[in-house]
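Visitor: With this note's numbering applied, the sequence shown corresponds to residues 16 to 292, in that order. We put the CB at the ideal spot given by N, CA and C, even for glycine. Since the model is a prediction, treat every value here as computed from it, not as a measurement. Right, I'll just put the structure down here and ask away after.
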Amino acid sequence: MMAPELQSPSPEALAALLDWYVANDVDVAIEEEAVNRLVARVAEEPAPTHRAMPASFDAEPRPQPQPTIATALSPEAEVLAAREAAAGAATLDALKDALARFEGCALKTTAKSLVFSQGNPTARVMLVGDPPGRDEDLQGEPFVGQTGPLVDRMLAAIGLSRAEVYLANIVPWRPPGNRTPTPQETATCRPFLDRQIELVDPDYLVCLGPMAAKELLPTTEGLLRMRGQWFPYDTGKRQIQAMATLHPSYLLLQPLQKRLVWRDLLVLRTAMDAKTA
Ligand code: URA
């Protein structure tokens, strides 16, 4: 029996598929396993299209292509390189520059922008979100997408504005397709976040969402159990108070849970008022 002939999809069908991708926020093709694109880039060097010149013709030794830092370093060395780069930054601007130059994290290769921070660098309250999303990647600032207005309303509910707090993310590059960063990616970015917290030196650290909470707070409890409680947090300069609350994008899906976040925000406001009283 003859195999049925495969028809190419019509231009209309392809356009409809593309529309569907856009409508569903599909903007990157991903696989189950995270791909280290820095390694792939070296492996995919195009094969030479002409025969190599015999060595005897070539008087000058040719420089050999150098692997990028990600292929040259082990995961431990990647973290060490990040620690060194972060420790060498004396100011937040220098830290941002160091991150922009850092080639040790594969997330950077698929992201459009470095999403470093927004707000007041001398704020009393620092909020750390989960990874940036598509809008943040396009604009290079945290919480500027769908969740942005809700973050502003949450802050306004306790008399704060975005300009009065400092906002950052657990990793400063959007993972492709909004996947969860791998433990290695988070570990590599962590020294930069630690230094960022040390340089801002806030009185209160608020983790927005489960990834930031899991990474920064000393508890293995789920977010719904541990939210709204203070934990000690060592910034490197001093001990401050840290808590976690629910992520704004979760609240967009589960608006009834806003009452829990309201309670958490009141705990923050009460602590701030007690300190200034
Ligand atoms: N969610 C986050 O946690 N951070 C952002 O910057 C945007 C969405």
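1. Could you check whether the segment 89–104 touches the segment 166–183, counting it as contact only if at least three pairs of C-beta atoms, one from each stretch, sit closer than 8 Å?
2. Closest by CA to Ala289, which one among Arg274, Tyr219 and Asp167?
3. If you reduce the DSSP assignment to three classes, tell me which class Thr291 lands in.
4. Considering only their Cβ atoms, is the gap separating Trp188 from Leu110 smaller than 7 Å?
5. For Ala227, count the other beta carbons within 10 Å of its own beta carbon; 16 or more makes it buried, fewer makes it exposed. Which is it?
6. Please confirm if Val221 has its CB atom under 7 Å from at least one CB of chain C.
7. Whole angstroms are fine: how far does the CA of Ala202 sit from the CA of Val94?
8. Which residues does DSSP pair with Asp249 in a beta bridge?
9. Report buried or exposed for Ser132, applying the criterion of at least 16 other Cβ atoms within 10 angstroms of its Cβ.
10. According to the neighbour-count rule (16 or more other Cβ atoms, all chains shown, within 10 Å of its Cβ), is Ala257 buried or exposed?
11. Tell me the start and end of each unbroken alpha helix (DSSP H) in the segment 143–192 that is at least 4 residues and wholly inside, in chain order.
Guide: The relevant details are as follows:
1. Segments in contact, no.
2. Answer by Cα proximity: Tyr219.
3. Looking at Thr291 - three-state DSSP - the assignment turns out to be helix.
4. Contact: no.
5. Buried, by the Cβ-count rule.
6. The structure shown contains no chain C, having only a single protein chain.
7. Cα-Cα distance, rounded: 7 Å.
8. Paired residues: Gln254.
9. When all chains shown are included, Ser132 counts as buried.
10. Ala257 counts as buried, since no fewer than 16 other beta carbons sit within 10 angstroms of its beta carbon.
11. For the segment 143–192, whole alpha helix (DSSP H) runs of length 4 or above, ordered along the chain, are 149–154 and 163–172.
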